[in-house]
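Engineer: In our numbering, the protein residues as written are 1 to 246. We put the beta carbon where it would ideally sit given N, CA and C, even for glycine. Keep in mind the model is a prediction, meaning the values are calculated, not measured.
Written out as structure tokens, the structure is:
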């Protein structure tokens with residue numbers, strides 16, 4: 001077996017283990033491959049949750065929504081980075097806008113009038129994190145909607161909760177709308193998961209084998225029928241006529 005094929009097989013195995021959520025095993029396997037100085041193909045899905053177990057997907061979705069409701073920015077984005085592939089977000093302006101709105105949500109969480117858990121330090125850190133995020137996405141495609149554009153000024157406004165431009169942002173309905181958007185996104189991202197190439201190869205092989213078996217069976221039947229017809233024809237040719245027997 002050539003080295004290139006061997007490396008590709010190892011890439012397929014790595015992808016499959018990641019798909020099934022064997023994160024510790026993936027880490028050990030990659031470490032050993034690096035020790036052997038193998039070229040390693042980047043996983044196309046990052047650490048994106050690929051498990052077919054619906055319950056596991058639901059648990060992670062509920063956990064992230066709870067962090068959203070509690071204003072726990074660090075834990076929310078820890079799971080976001082772990083389970084949501086960055087290439088999907090960065091390649092779709094509408095999804096990049098959703099990520100932007102999530103940072104905005106956490107930036108004003110402790111500034112909301114109806115929030116009893118006031119935390120000035122956390123409020124400052126969240127707003128600074130939002131500002132840092134905006135600087136990091138300069139030049140990237142993002143939907144320039146009427147909902148998004150005013151938010152670019154948010155970190156630079158003193159007391160944004162009292163500013164006329166952000167009245168909708170501090171309404172009770174705004175976080176509910178964002179929560180619905182992110183919940184729908186989770187349903188989509190956790191249900192549209194490409195199969196790892198190892199599984200696709202196995203499925204294609206099984207389909208090809210099944211198709212070949214059916215074709216062979218059909219040929220056997222045709223040959224059997226042809227043989228019977230041939231024998232019958234031979235018998236009819238060799239059988240003497242009545243006049244010959246007299």
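Give a yes or no on whether 8 angstroms exceeds the smallest Cβ distance from residue 24 to chain B.
Structural biologist: Looking for chain B here will not work: only one protein chain is present.
Engineer: Taking the alpha carbon of residue 36 as the point to measure from, which residue in 6, 57 and 23 has its own alpha carbon closest?
Structural biologist: The residue given as residue 36 occupies position 36 in the chain shown. Nearest of 6, 57 and 23 to residue 36, Cα basis: 6.
Engineer: For the alpha helix (DSSP H) that contains residue 121, what are its first and last residues?
Structural biologist: Counted from its first residue, the chain shown places residue 121 at position 121. Its alpha helix (DSSP H) spans residues 120-136.
Engineer: State the DSSP-derived secondary structure class of residue 171, mapped to helix, strand or coil.
Structural biologist: Residue mapping note: residue 171 aligns to position 171 of the chain shown, counting from 1. Residue 171 falls in the coil class under three-state DSSP.
Engineer: If you follow the alpha helix (DSSP H) that residue 58 is part of, which residue opens it and which one closes it?
Structural biologist: Along the chain shown, one-based indexing puts residue 58 at 58. First-last of the alpha helix (DSSP H) with residue 58: 54-70.
Engineer: Please determine, among 59, 201, 72 and 98, the residue with the shortest C-alpha to C-alpha distance to residue 141.
Structural biologist: Translated into the one-based positions of the chain shown, residue 141 becomes position 141. Out of 59, 201, 72 and 98, 98 has the C-alpha closest to the C-alpha of residue 141.
Engineer: Taking its Cβ as the centre, do 16 or more other Cβ atoms sit within 10 Å of residue 188, making it buried, or is it exposed?
Structural biologist: To locate residue 188, count along the chain shown from 1; it is residue 188. Exposed is the call here.
Engineer: Here's the rule I'm using: 16 or more other beta-carbon atoms within 10 Å means buried, otherwise exposed. How should residue 182 be labelled?
Structural biologist: Here residue 182 refers to the residue found at position 182 of the chain shown. Buried: at least 16 other Cβ atoms inside 10 Å.
Engineer: Just how far apart, CA to CA, sit residue 16 and residue 196?
Structural biologist: In the chain shown, residue 16 corresponds to position 16, counting from 1. In the chain shown, residue 196 corresponds to position 196, counting from 1. Answer to the nearest angstrom: the Cα atoms are 6 angstroms apart.
Engineer: Where residue 54 and residue 191 are concerned, what is the direct C-alpha to C-alpha distance, given to the nearest angstrom?
Structural biologist: Here residue 54 is taken as the residue at index 54 of the chain shown, counted from 1. Here residue 191 is taken as the residue at index 191 of the chain shown, counted from 1. Those two C-alpha atoms are separated by around 9 angstroms.
Engineer: Please state the DSSP three-state secondary structure of residue 112.
Structural biologist: Within the chain shown, numbered from 1, the residue matching residue 112 stands at position 112. In the structure shown, residue 112 sits in coil (DSSP, three-state: anything other than H, G, I, E or B).
Engineer: Name the two residues that bound the continuous alpha helix (DSSP H) containing residue 146.
Structural biologist: For the purposes of this step, residue 146 is taken as residue 146 along the chain shown, with counting starting at 1. That residue, residue 146, is in no alpha helix (DSSP H); it is neither H nor E in DSSP.
Engineer: Does the Cβ of residue 278 have 16 or more other Cβ atoms within 10 Å, making it buried, or fewer, making it exposed?
Structural biologist: Within the shown structure, residues of the chain are numbered from 1 to 246, placing residue 278 beyond reach of any answer.
Engineer: How is the alpha helix (DSSP H) around residue 163 delimited, first residue to last?
Structural biologist: As a first step, residue 163 must be located in the chain shown, where it is residue number 163. No alpha helix (DSSP H) contains residue 163, which DSSP labels as neither H nor E.
Engineer: Need the endpoints of the alpha helix (DSSP H) that residue 85 sits in, please.
Structural biologist: By one-based count along the chain shown, residue 85 stands at place 85. Residue 85 -> no alpha helix (DSSP H), and no H or E assigned at all.
Engineer: Just curious, the alpha helix (DSSP H) that residue 23 is in, first and last residue?
Structural biologist: Numbered from 1 along the chain shown, position 23 holds the residue referred to as residue 23. It spans 23-35 - the alpha helix (DSSP H) in which residue 23 sits, taken as one unbroken run.
Engineer: Determine contact between the stretch 147-161 and the stretch 25-35, defined as no fewer than three beta-carbon pairs at a distance below 8 angstroms.
Structural biologist: Segments in contact, no.
Engineer: Between the Cα of residue 177 and those of 24, 83 and 69, spot the shortest distance and give me the residue it belongs to.
Structural biologist: On the chain shown, residue 177 is found 177 positions in, with the first residue counted as 1. Looking at the Cα atoms, 69 is the closest of the given residues.
Engineer: Is it a yes or a no for the stretch 108-120 touching the stretch 79-97, going by three-plus beta-carbon pairs under 8 angstroms?
Structural biologist: As far as the Cβ criterion goes, the stretch 108-120 does not touch the stretch 79-97, which means the pair count is below three.
Engineer: If I follow the unbroken alpha helix (DSSP H) through residue 93, where does it start and stop?
Structural biologist: What you label residue 93 is simply residue 93 of the chain shown in a count that begins at 1. 93-107 is the span of the alpha helix (DSSP H), which, as asked, contains residue 93.
Engineer: Straight-line CA distance for residue 104 to residue 33?
Structural biologist: Working through the chain shown from its first residue, we reach residue 104 at position 104. Working through the chain shown from its first residue, we reach residue 33 at position 33. Computed Cα separation, rounded: 41 angstroms.
Engineer: Alpha carbon to alpha carbon, how far is residue 102 from residue 200?
Structural biologist: On the chain shown, position 102 is the one that residue 102 refers to. On the chain shown, position 200 is the one that residue 200 refers to. Residue 102 and residue 200: Cα-Cα distance of roughly 35 angstroms.
Engineer: Who are the Cβ neighbours of residue 143 in its own chain at under 7 angstroms, not counting the five residues just before and after it?
Structural biologist: The residue labelled residue 143 in the question sits at position 143 within the chain shown. For residue 143, where only same-chain residues beyond five positions count, the Cβ hits under 7 angstroms are 93, 94 and 97.
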